[in-house]
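Throughout, the numbering used here is defined as the position within the sequence shown, counted from one, plus 79.
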Amino acid sequence: MRFLALFVYSIGLLPIFAQGRSWDFEYSNGRIHDVEILDAASPLHFRVTGKDPYLYLLLKEKWNGSTRSETPPPVLELEYFSGEGSDHLQVFTSPGESEHHSVKGGGLPISQGWSRYRLDLGELDLAGLHQAGSWKLRLDFGTRVGSEFKIQRIQLTERTAQEALKIEHSAALEERDRLLTEQIADYLQRFYTARVEQVQVGVEKVQVRYAIHESVNLDSVRLFEIPMGFSRWEILERDDALIFSHSLSHPTSIEISRKRNLSSSPGEDLLLRLPDRLLSRWALAQKVEGESEWRWISAARYAEDPEPVRNPEPLLPANRKGIGALSMGRPVQDLDKLGVGSATVNFHLSNVLRTTPTADTQPFVYMGREWHAVQSTLRNWDAALLEAAKRNIVVSAILLVPHAHQFSDRAVGQMVGHPEADRAGIFAAPNLENPEGALAYSAIIELLAQRYCRSDGKYGRVSHWIIHNEVNSGWVWTNAGERSALRFMDLYQKSVRLTHLISRQYDPDSLSFLSLEHHWTVTHNNKCYRGRELLEWMEKFCRTEGDFEWALAFHPYPQSLFEPKVWLDRQAHFDFETPKITFKNLEVLDVWMRRPEALYGTQQRVIHLTEQGLNSRDYSEKSLLEQAAGMAYAWKKMEPLESIKVFHYHNWVDNRHEGGLRIGLRRFPDDETDPMGKKPVYEVFQALGTEREAAAIEFAKDVIGIEDWAEIDGGMKFR
């Protein structure tokens, strides 16, 4: 088991860029089937019109470092945008098209930005392509009628070193994933003869309370510490495991210094010692007489809330209206005109921490090590946060982790970026399965929490921390490689809890949010996850390892991001088995979060809708009216659901990099007729929650086809 873990981490450090030859392809104006070409230029834009959609690609005259007499490289790579995605992609060689001359890969996940897709064609006889003289490939884009795609930069290219190793060791990787998944599932469901009941972290001490069945010999039991970045299994396997163990000095509790004495164990690696015990789990293990190995007799438990060292005044939004992606490049005057009470700010973590000083850094010490904070990055975030503070706007920071190679400091990138992350993802998961990664990532969160959780608000305030983005689409937005839903959640929940523990030292009211998009009991790709399943696993981790006050950031986009008439969504049902939760069936989310299993104690968890908007297919009067009606409908669906505290509208301004979507309140900045012009949805959003609301949204009833807003109630209530 340990060999497999080390193997995976080793491949993560190999070059991830494709090397050598490549062939470039472009759309061929030849035969198509069940496809409507909307724009044949690059990027190619098309819509699926039937159950068997395909088109052809033709080799360009120019190619990189290759000749037609060579065997083409084995990997198809393309960049794409799609609001619906596909359930699979199948590639055929042409001529000779048949199932025996094809490769079927996973679907193209929904992507709201340009994403990279790679499919290994190693099973195809590509050598015969140049002999046939046609140089064509046929691409079949799944079976989702109505899906739209934009594709560009299509090529055959070499395998990366990581991909080559994955192919060579695919069976071992699959077996590793299966075994680890079974191991975690057994851990969450097992009956234990002892339990850690409470962990209290003070400024100087950690107190652990426990209970042990009377049949267990107390002298044979020790309390083990499991620092962040170590697995509970690894601790007992280590030769120096007893470094992390403590003899029981009291029948029900033990008190330990919060700070580890760094000079007590000469030669021990500082990076593995994580001297602050704030992030540690605690569990009981027993050594049975006559045996040499320790065995766990309890689950591990984290602290819930640490003793705070600051207590800033809580910030509450003035209303439920919020805006997404606040930055200084936006028309900040809208913050006043729209009357918003909250905003999100993207914290892209690629250039905030360095291991060595520069002219643009300031040093700080964390976990006994000196780090260097990039001041220009912090000042950019300060500017946005201070604009919010001027208006008493409550800010939620979205923590986005880039891939290792995208960090400005490669040493930080190698520590923080998850080594198994596939570049198909726009962002990666943080590496919390390694103590060095946990150390570096927690240093970033410590830096941010200290700076933005101050009573004086010197740099602006962050009240909420949204942990990464749309993790049920983790393959796209929080990539940690191919792994089961349980293994992914085992990693992700650590990131949520890490942020919770660090931030609550400086703001006892701060909230850390899980982030999910609208796929509930289905996925749009075999490498993504069902939102409901991830929440169920989160509940089990909390029951096993100690509950804490996490919250939910949900994105109830329409079934199709291009379609603003969300009331037509066919995949939004009024029960817990619904494929998707969109604006149409938003009450399903409210009822789900009211279940006893989902509560924090007796309290319902906070829900924010942190990224969603309605699209206008173009700027025609009809499209703009439908977009505005969709906004009115979404607001009236949310209005009676008291658990939903905030609605952040995304996107503020139409963005050319969102694959043709026009979900902004304003037009494109470079629109030919009315650059940055306010769309009707702007006026609707502005009126929501004011005395002008009823009049401003009256028109929407005719668009939706109702006479009274009560007609949109799906009838699902908590019982």
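C-beta atoms are modelled at their ideal positions from N, C-alpha and C, and glycine is treated no differently.
What you are looking at is a predicted structure, and each value in this text was computed from that prediction instead of being measured.
In the three-state DSSP reduction, residue 425 falls in the strand class (E or B). Residue nearest to residue 685 within the set 375, 698, 726 is 726 (criterion: CA-CA distance). Excluding the 5 residues flanking it on each side, residue 395 has same chain C-beta neighbours closer than 8 Å at 473, in chain order.
Shown here, residue 168 sits in a strand according to DSSP, grouped into three states. Your pair residue 514 and residue 309 checks out as a contact, with CB atoms roughly 6 Å apart and the cut at 8 Å. Runs of the alpha helix (DSSP H) spanning 4 or more residues and lying entirely within the region 547–582 occur at 553–556, 564–582, in chain order. Residue 112 counts as exposed, since fewer than 16 other C-beta atoms from the protein chains shown sit within 10 angstroms of its C-beta. In terms of Cα proximity to residue 757, the closest of 781, 695, 782 is 695. Collapsing the DSSP output to three states places residue 472 in coil. Between the region 600–614 and the region 690–708, the count of C-beta pairs closer than 8 Å stays below three; the two stretches do not touch. Annotated three-state conformation of residue 671 is helix, per DSSP.
Residue nearest to residue 285 within the set 501, 220, 380 is 380 (criterion: CA-CA distance). Here residue 455 has 439 as same chain residues with Cβ atoms under 6 Å from its own Cβ, once five neighbours each way along the sequence are excluded.
The Cβ atoms of residue 189 and residue 163 lie closer than 8 Å to each other.
Looking at the DSSP output, residue 285 shares a beta bridge with 280, 335. It is roughly 28 Å from the alpha-carbon of residue 556 to the alpha-carbon of residue 266. The beta carbon of residue 373 is closer than 6 Å to those of 315, 364, 366 in its chain, skipping five residues each way along the sequence.
For residue 243, the closest alpha carbon among the candidates 264, 283, 197 is that of 197. Here residue 388 is exposed. Its C-beta has fewer than 16 other C-beta atoms within 10 Å. Residue pairing by DSSP places residue 138 opposite 104 in a beta bridge. Following the DSSP letters along the chain, one finds residue 714 inside the alpha helix (DSSP H) bounded by residues 700–717. Across the structure, residue 525 and residue 123 are spaced so that their CA atoms are roughly 44 Å apart.
With respect to residue 478, residue 450 sits apart: the two C-beta atoms are not nearer than 8 Å. Less than 8 Å separates the beta-carbon of residue 216 from that of residue 104. Looking at the backbone, the Cα of residue 611 and that of residue 596 are separated by about 11 Å. Take residue 436, set aside five residues on each side of it, and the residues of its chain with a beta-carbon closer than 7 Å to its own are 442, 451, in chain order. Taking every protein chain shown into account, the CB of residue 393 has fewer than 16 other CB atoms within 10 angstroms, so this residue is exposed.
DSSP places residue 230 inside the beta strand (DSSP E), whose first and last residues are 227–236. Rounded to the nearest angstrom, the gap between the Cα atoms of residue 416 and residue 575 is 34 Å.
According to the DSSP assignment, residue 442 belongs to the beta strand (DSSP E) that extends over 440–445. In this structure, residue 644 keeps its C-beta atom at 8 Å or more from the C-beta atom of residue 743.
For residue 417, the uninterrupted alpha helix (DSSP H) run begins and ends at 413–417, by DSSP. In this structure, residue 590 sits away from residue 633, with a CB-CB distance that is not shorter than 8 Å. Inter-segment contact for the region 559–569 and the region 254–261 is present: three or more beta-carbon pairs are separated by less than 8 Å. Residue pairing from DSSP places residue 161 in a beta bridge opposite 190. Checking the DSSP bridge columns, you'll see residue 455 has no partner listed.
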